[in-house]
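Numbering of the sequence shown is given in our numbering, commencing with residue 7 and proceeding in unit increments.
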Amino acid sequence: MIEKILINKIVEAVSLIYGQTIDSKLVSVQKTRKEFTGDLTIVVFPFLKISKKSPEQTANDLGAFLTENLDEVTGFNVIKGFLNLEISLKYWLDFFNQSFSDTTFGLVSEKAGAPVVVEYSSPNTNKPLHLGHIRNNLLGFSVANLINAAGKNAIKVNLVNDRGIHICKSMLAWQKWGNLESPESSGLKGDHLVGKYYVMFDQHYKAEIAQLVLSGVEKERAEKEAPLIVEAQEMLRRWEAGDAGTRQLWEMMNGWVYAGFDETYRRMGVDFDKMYYESQTYLLGRQLVEEGLAGGVLFKKEDNSVWCDLTGDGLDEKLLLRADGTSVYMTQDLGTAQMRADEFHAGKLIYVVGNEQNYHFDVLKLILKKLGKPWADNILHLSYGMVELPQGRMKSREGTVVDADDLMEEMYNTAKTTTETLGKIDAFDDVEKHNLFTMISLGALKYYILKVDPKKTMLFNPEESIDFNGNTGPFIQYTHARIRSLFRKAAERGLAVSTDEIPQLILPKEKDLIKLLHDFPVVVHEAAENLSPAQVANYVYDLAKEFNQFYQEVPVLKEEDTAMIAFRLSLAGFVGSVIKTSMKLLGIEVPEKM
Numbered sequence: 007m008i009e010k011i012l013i014n015k016i017v018e019a020v021s022l023i024y025g026q027t028i029d030s031k032l033v034s035v036q037k038t039r040k041e042f043t044g045d046l047t048i049v050v051f052p053f054l055k056i057s058k059k060s061p062e063q064t065a066n067d068l069g070a071f072l073t074e075n076l077d078e079v080t081g082f083n084v085i086k087g088f089l090n091l092e093i094s095l096k097y098w099l100d101f102f103n104q105s106f107s108d109t110t111f112g113l114v115s116e117k118a119g120a121p122v123v124v125e126y127s128s129p130n131t132n133k134p135l136h137l138g139h140i141r142n143n144l145l146g147f148s149v150a151n152l153i154n155a156a157g158k159n160a161i162k163v164n165l166v167n168d169r170g171i172h173i174c175k176s177m178l179a180w181q182k183w184g185n186l187e188s189p190e191s192s193g194l195k196g197d198h199l200v201g202k203y204y205v206m207f208d209q210h211y212k213a214e215i216a217q218l219v220l221s222g223v224e225k226e227r228a229e230k231e232a233p234l235i236v237e238a239q240e241m242l243r244r245w246e247a248g249d250a251g252t253r254q255l256w257e258m259m260n261g262w263v264y265a266g267f268d269e270t271y272r273r274m275g276v277d278f279d280k281m282y283y284e285s286q287t288y289l290l291g292r293q294l295v296e297e298g299l300a301g302g303v304l305f306k307k308e309d310n311s312v313w314c315d316l317t318g319d320g321l322d323e324k325l326l327l328r329a330d331g332t333s334v335y336m337t338q339d340l341g342t343a344q345m346r347a348d349e350f351h352a353g354k355l356i357y358v359v360g361n362e363q364n365y366h367f368d369v370l371k372l373i374l375k376k377l378g379k380p381w382a383d384n385i386l387h388l389s390y391g392m393v394e395l396p397q398g399r400m401k402s403r404e405g406t407v408v409d410a411d412d413l414m415e416e417m418y419n420t421a422k423t424t425t426e427t428l429g430k431i432d433a434f435d436d437v438e439k440h441n442l443f444t445m446i447s448l449g450a451l452k453y454y455i456l457k458v459d460p461k462k463t464m465l466f467n468p469e470e471s472i473d474f475n476g477n478t479g480p481f482i483q484y485t486h487a488r489i490r491s492l493f494r495k496a497a498e499r500g501l502a503v504s505t506d507e508i509p510q511l512i513l514p515k516e517k518d519l520i521k522l523l524h525d526f527p528v529v530v531h532e533a534a535e536n537l538s539p540a541q542v543a544n545y546v547y548d549l550a551k552e553f554n555q556f557y558q559e560v561p562v563l564k565e566e567d568t569a570m571i572a573f574r575l576s577l578a579g580f581v582g583s584v585i586k587t588s589m590k591l592l593g594i595e596v597p598e599k600m
């Protein structure tokens, strides 16, 4: 690609002109801003200490060298410390001719290096998946796609938090007030049914706290002594002790939840290469804690609880085993990390978890280092912002979350209404309509979430996401369908795509499209490096927008020159292929017609 050619030539130029060798990382190649003449821009400020000249003089030196020694550079201009280069039309047309029919353009097929483990979803089995889980799943799935596309082997894993006090709360509430209700008897998905009892526990628990406070008990003490929470804690102790009845109830209710999760995952279009369960990993975590205790890395308090002292590292003391011997989240995370390190020997262990857990992962890495795990530095927390609604944050215990299933159904109905209103699907049969509504609704949801930088908190607005204009999934999907329609019309007229006669002169809009297509491999690489699907999302929007401007201004099938028709069809096809690939990286399907 031209960027690499330029970087190598600048390194050569600095050596020959100024007599010093520089690291290629100092060379920054950017797209030239639209208000200036040129295709690519090189920032010369990093070279001023070497050249001992002004930015303008340095840029002129380098620009003259490039035009004299690179056929691809046909001219340059200097704006302060920026060297704007004009790249030859021949380069752009050669690139187009070599790449337009490559259906894997932008993707690295051969895998190299250690695998990368990407953990996402990580649900609790006491409630259904909600809007926050949707962002988590879509991010994790797309990041894994990007890592694969950039030439690494991504392993998608899910750690199900299937044990703990929160699970016991749902179990206890079902025991007390469930009357043997099941998914079959209630007509509810299993995860929704169990979530109902989690909310019910919280309601009764709060009522008990309020009653104790009225009787004169301090609130903090009431929260610890309320009969329901005492019973839930006892149930957890029985579970860890292997009590048969408790385990049987746990297996039944978790089974309901798993069936519900699987249905939601299928509809969302995400999957996993391996499932882990906290009930299977916490024991290894306990073993690591015991080893750390024996080795003097950890310490035990008078109540027999086990801790790690991190005060010397600017943090605090971290609980690893409660006084009653039961485990905490950190315990199972230690065990899971060890299990994955042993199993995959991964180059990176990426955890896709919300930013409210930043401290947790700082502590996880630090404890593993203290336990002597050399791979602890391979842990990377992909910290993302929360998804908020116009009315504020969601709370699971209070039942105020936006349920993932309900949201996807709402999106489907909105897509159906919006598409039917446009009146462009009269020729579709019922199956085609259903498939289209599904594609549009999920495309709208996924794109709206993924186009936002992961680090940012985002406000989700379902109505805005389903719009056939603007920076939305449906707009990009419609652009792909428009391109496919163009090819169907060409076939009806007997016109074929051919590049036997590539034109030597093309319009500015055509060149702009080719330049944008040329960017795609770099975008994929940078998005994978930054773990940011937003970079691909915003790139494919720019590509769709650029194509629509081209389509409005430049005749394709109405062009009289058949060679030019063939070129423009092949250009449209290249755009359609890159749109499809980009959207697939985001987990989004694009329709053939709509």
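Positions of the beta carbon are idealized from the N, C-alpha and C atoms, including for glycine. All of these numbers come straight from a predicted model, not from anything done at the bench.
Put simply, the region 336-348 does not touch the region 173-182. Fewer than three CB pairs are less than 8 Å apart. When C-alpha distances from T80 are compared across T64, L72 and G248, the shortest belongs to L72. According to the DSSP assignment, L501 belongs to no beta strand (DSSP E), since it is labelled neither H nor E. Going by beta carbons, A265 and A534 fall outside the 8 Å limit. When rounded, the separation of the alpha-carbon atoms in S192 and P134 is 16 Å. DSSP places N364 within a helical segment (H, G or I) once states are collapsed to three. Counting C-beta atoms within 10 angstroms of its own C-beta, E362 has fewer than 16 neighbours from the protein chains shown and is therefore classed as exposed. Taking the C-beta atoms as reference points, F526 is found nearer than 8 Å to F111. By the criterion of a C-beta distance shorter than 7 Å, L99 is surrounded in its chain by I508, once the five residues flanking it on both sides are discounted. Classified as buried, M259 has 16 or more neighbouring CB atoms from the shown chains inside 10 Å of its CB. Following the DSSP letters along the chain, one finds K230 inside the alpha helix (DSSP H) bounded by residues K225 to E231. Here the region 125-145 makes no contact with the region 80-97; the two share fewer than three CB pairs at distances below 8 Å. In summary, H351 is exposed, with fewer than 16 beta-carbon neighbours lying within 10 Å of its beta-carbon over all protein chains present. Judged by DSSP in its simplified three-state form, E323 adopts strand. Nearest in C-alpha terms to S389, of all of V359, L374 and F82, is V359.
Residue pairing for D409: DSSP places it in a beta bridge opposite H136.
With a 10 Å radius around the Cβ and a threshold of 16 neighbouring Cβ atoms, V50 comes out buried. Restricting attention to beta strand (DSSP E) runs no shorter than 3 residues, the region 53-110 encloses them at 79-85 and 88-93, ordered along the chain. Residues of the same chain with a CB within less than 6 Å of the CB of Y283, apart from the 5 flanking positions on each side, are V166 and D168 in chain order. Counting C-beta atoms within 10 angstroms of its own C-beta, D432 has fewer than 16 neighbours from the protein chains shown and is therefore classed as exposed.
Annotation for H387: the continuous beta strand (DSSP E) segment containing it runs I385 to Y390.
For the pair of segments examined, the region 412-429 was found to touch the region 449-469: the number of CB pairs separated by less than 8 Å reaches three.
At the C-beta level, G44 and N75 stay beyond 8 Å of one another. Leaving aside the five residues that flank L12 on each side, the residues in its chain whose CB is nearer than 6 Å to its CB run, in chain order, V35. Judged by DSSP secondary structure, Q36 falls within the beta strand (DSSP E) whose first and last residues are V35 to K37.
Going by DSSP, I171 is part of no beta strand (DSSP E) but of the alpha helix (DSSP H) stretching over I171 to W183. About 6 Å separates the CB atoms of I585 and A550; that is less than 8 Å, so the two are in contact. Counting only runs that start and end inside the region 284-325, the beta strand (DSSP E) elements of at least 3 residues fall at 312-315.
For V596, same chain residues with a beta-carbon under 7 Å away, outside a window of 5 residues either side, are Q483, H486, I585, K586 and M589 in chain order. For G479 and N544, the gap between their C-alpha atoms comes out near 11 Å. L152 is bridged by DSSP to nothing; it lacks a bridge partner. Non-local C-beta neighbours of L294 in its own chain, meaning closer than 7 Å and more than five positions away in sequence, comprise L340, G341, Q344 and L377, ordered along the chain. Of the other Cβ atoms in all chains shown, 16 or more fall within 10 Å of the Cβ of P61; this residue is therefore buried. The criterion of a C-beta distance shorter than 8 Å is not satisfied by L577 and A410.
Between the region 420-430 and the region 439-448, the count of C-beta pairs closer than 8 Å reaches three or more; the two stretches touch. Distance from the Cα of C314 is smallest, within the candidate group L372, K202, F367 and N536, for L372.
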